[in-house]
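Chemist: Numbering (the numbering used here), first residue to last: 1 to 301.
Don't be surprised by glycine CBs; every beta carbon is placed ideally from N, CA and C.
The following block contains the structure, expressed as structure tokens.
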Amino acid sequence: MRQMEALGISTQRATFTTWDRKTGTPFHNFISWQDQRAADLVKSWNTSCTIKIIHGVMKMVYFLTRQKRSLAASVIVFSPQHVTFRLVWALAHYKQVRQAIKEDTCCFGTIDTWLLFKLTKGSVHATDYSNASSTGIFDSYQMCWSGFLCSLVSLPLSIFPEVENTGHNFGSTDPSIFGVSIPIMSLMADQQAAMFGECCFDVGDVKITMGTGTFMDINTGSKPHTSVTGLYPLVGWRMGSDVVYLAEGNAADTGTAIKWAQELGLFSDVRETSVMAHSVSDSDGVCFVPSFSGLQNCSAE
């Protein structure tokens with residue numbers, strides 16, 4: 001351990017928990033990015049008069065100002081994959097979270113923030129821009145937590161971590177953990193880290209990651225891409241004052257669909273599926289839609 005100069009932490013995105021700032025005790029288990037308990041809440045908001053009014057007002061603002069941030073707000077659709085309504089659900093269902101918010105002792109964090117908090121023995125409550133932008137609560141245009149969204153859905157800004165550069169000195173591990181104090185010099189979300197690791201540094205570079213789900217990311221350069229067809233603008237990374245943005249589209253169930261088919265007994269080894277697929281000329285019109293966690297389409301159904 002004494003030979004280690006620094007640590008970097010890359011984790012699954014948009015999976016979160018909440019905990020007591022003083023004791024470090026979590027109020028509930030991690031709520032995964034695939035969790036569907038807030039799906040009905042998301043659907044009700046996406047069809048509400050409130051969101052329709054926001055769309056209409058933002059379209060008018062965009063017409064007058066041509067600000068891309070307003071264009072993005074005019075077509076925004078909530079998704080269960082975003083932290084927003086899963087956190088709203090947690091506040092509604094966990095009394096201890098609401099009590100901690102009243103006492104100003106509640107911390108929110110995705111996995112990276114939780115690990116950082118524990119490794120530093122509670123001295124650092126922070127995240128980086130790549131992880132923050134993946135929550136759906138972060139304004140990638142203004143590079144801060146969205147005060148408007150938090151006010152809209154009654155989420156207190158006080159529970160959110162400080163957002164720092166991807167390459168930042170986040171403090172050091174407590175010596176009691178590894179026997180020495182090791183600087184933590186980077187936090188990065190998994191898909192953005194994959195993009196960085198594949199050296200997709202130029203505008204137009206694309207990477208596709210296939211795991212639990214499939215994630216396609218394209219480097220859009222120094223400005224967030226404003227899509228009206230469902231691609232979500234993310235911060236890839238921020239180093240110093242330089243920001244790299246990504247546009248991302250994803251399908252939530254790839255590996256999970258394969259695992260599901262295996263558990264049904266359709267095959268015992270994944271390698272068998274290639275032979276099975278080539279054993280017929282076509283599917284005779286049969287389609288399979290892997291939507292165990294909903295579909296990341298324009299209506300977020």
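1) Looking only at its own chain, which residues have a Cβ that is under 7 Å from the Cβ of A194, when we skip the five neighbours before and after it?
2) Please determine if the segment 49-62 and the segment 106-123 are in contact, where contact requires at least 3 C-beta pairs separated by less than 8 Å.
3) Look at the alpha carbon of T214 and the alpha carbon of T254, and state the distance between them as a whole number of angstroms.
4) Go through its chain and collect everything with a Cβ distance to A257's Cβ below 8 Å, but skip five positions before and after it.
5) Taking a contact to mean a Cβ-Cβ separation below 7 Å, would you say I111 touches T11 in this structure?
6) Quick one: what does DSSP say T50 is sitting in, helix, strand or coil?
7) May I have a chain-ordered list of the alpha helix (DSSP H) segments no shorter than 4 residues that lie completely inside the segment 94-143?
8) Express the C-alpha separation of D174 and R2 in angstroms, rounding to a whole number.
9) In the DSSP assignment, the beta strand (DSSP E) including P233 goes from what residue to what residue?
10) Among the candidates P183, M188 and S172, whose CA atom is the shortest distance from the CA of V163?
11) Spell out the partners DSSP gives N250 in its beta bridges.
12) Identify, in the order they occur along the chain, each residue of the same chain with its Cβ nearer than 7 Å to the Cβ of L91, setting aside the five sequence neighbours on each side.
13) At which residues does the alpha helix (DSSP H) containing W260 begin and terminate?
14) Exposed or buried, which one is T25 when buried takes at least 16 other CB atoms within 10 Å?
15) Can you have a look at Q191 and say buried or exposed, based on whether 16 or more other CB atoms are within 10 angstroms of its CB?
16) Between which two residues does the alpha helix (DSSP H) containing A194 stretch?
17) What number of angstroms, rounded off, separates the C-alpha of T273 from the C-alpha of S32?
18) M276 bridges to which residues according to DSSP?
19) Residue range of the beta strand (DSSP E) that F16 falls in?
20) Quick one: what does DSSP say W45 is sitting in, helix, strand or coil?
21) Using only the alpha-carbon positions, how far apart do W19 and H93 sit?
22) Would you report the Cα separation of L157 and I51, rounded to the nearest angstrom?
23) Does the Cβ-Cβ distance between S70 and V61 come in under 7 Å?
24) Rounding to the nearest angstrom, what Cα-Cα distance links G197 and F30 in this structure?
25) Rank M143, N131, D139 and K102 by C-alpha distance to the C-alpha of I159 and give the top, closest one.
26) Using 7 Å as the threshold, is the C-beta distance between V235 and Y141 below it?
27) List in chain order: all unbroken alpha helix (DSSP H) runs of 4+ residues lying wholly within the segment 136-185.
Modeler: With the given structure in hand:
1) One-based indexing of the sequence shown puts residue 194 at position 194. These residues qualify, in order along the chain: K207 and T209.
2) no
3) Taking the first residue of the sequence shown as 1, we reach residue 214 at position 214. Taking the first residue of the sequence shown as 1, we reach residue 254 at position 254. If you take the alpha carbons of T214 and T254, they lie about 6 Å apart.
4) Looking up residue 257 in the sequence shown gives position 257. Contacts found: F288, P290 and F292.
5) The residue given as residue 111 occupies position 111 in the sequence shown. The residue given as residue 11 occupies position 11 in the sequence shown. Cβ distance < 7 Å, so I111 and T11 count as in contact.
6) For the purposes of this step, residue 50 is taken as residue 50 along the sequence shown, with counting starting at 1. T50: helix per DSSP, three-state reduction.
7) 95-102, 111-119 and 129-133
8) Within the sequence shown, numbered from 1, the residue matching residue 2 stands at position 2. Within the sequence shown, numbered from 1, the residue matching residue 174 stands at position 174. Straight-line Cα distance between these residues: approximately 14 Å.
9) Your numbering for residue 233 matches position 233 in the sequence shown. That run of the beta strand (DSSP E) goes Y232 to M239.
10) Position 163 of the sequence shown holds residue 163. Measuring from the Cα of V163, the nearest candidate turns out to be M188.
11) Working through the sequence shown from its first residue, we reach residue 250 at position 250. Partner(s): F215.
12) Here residue 91 corresponds to residue number 91 of the sequence shown, with the count starting at 1. Closer than 7 Å at the Cβ level, and outside the excluded window around L91, lie V97 and R98.
13) Taking the first residue of the sequence shown as position 1, residue 260 is located at position 260. Its alpha helix (DSSP H) spans residues G255 to E263.
14) Locating residue 25 in the sequence shown gives position 25, counting from the first residue. T25 comes out exposed.
15) Reading the sequence shown from its first residue, position 191 is the one you call residue 191. The residue is buried, with at least 16 neighbouring Cβ atoms inside 10 Å.
16) Residue 194 sits at position 194 when you count from the first residue of the sequence shown. Where A194 is concerned, the enclosing alpha helix (DSSP H) stretches over D190 to G197.
17) As a first step, residue 273 is located in the sequence shown; it is residue number 273 there, counting from the start. As a first step, residue 32 is located in the sequence shown; it is residue number 32 there, counting from the start. Whole-angstrom Cα-Cα distance: 29 Å.
18) For this step, residue 276 is matched to residue 276 along the sequence shown. In the DSSP output, where bridge partners are listed per residue, M276 has none listed.
19) Against the sequence shown, residue 16 aligns to sequence position 16. F16 to D20 is the extent of the beta strand (DSSP E) around F16.
20) As a position in the sequence shown, residue 45 is number 45, starting the count at 1. Helix at W45.
21) Working through the sequence shown from its first residue, we reach residue 19 at position 19. Working through the sequence shown from its first residue, we reach residue 93 at position 93. Going by the C-alpha atoms only, they are around 15 Å apart.
22) Here residue 157 refers to the residue found at position 157 when the sequence shown is read from its first residue. Here residue 51 refers to the residue found at position 51 when the sequence shown is read from its first residue. Whole-angstrom Cα-Cα distance: 21 Å.
23) By one-based count along the sequence shown, residue 70 stands at place 70. By one-based count along the sequence shown, residue 61 stands at place 61. Contact: yes.
24) Taking the first residue of the sequence shown as 1, we reach residue 197 at position 197. Taking the first residue of the sequence shown as 1, we reach residue 30 at position 30. Each residue's Cα considered, the two are about 27 Å apart.
25) Counting from one through the sequence shown, the residue named residue 159 turns up at place 159. Considering only alpha carbons, the answer is K102.
26) Residue mapping note: residue 235 aligns to position 235 of the sequence shown, counting from 1. Residue mapping note: residue 141 aligns to position 141 of the sequence shown, counting from 1. No, the Cβ-Cβ distance between V235 and Y141 is not below 7 Å.
27) 147-153 and 175-178
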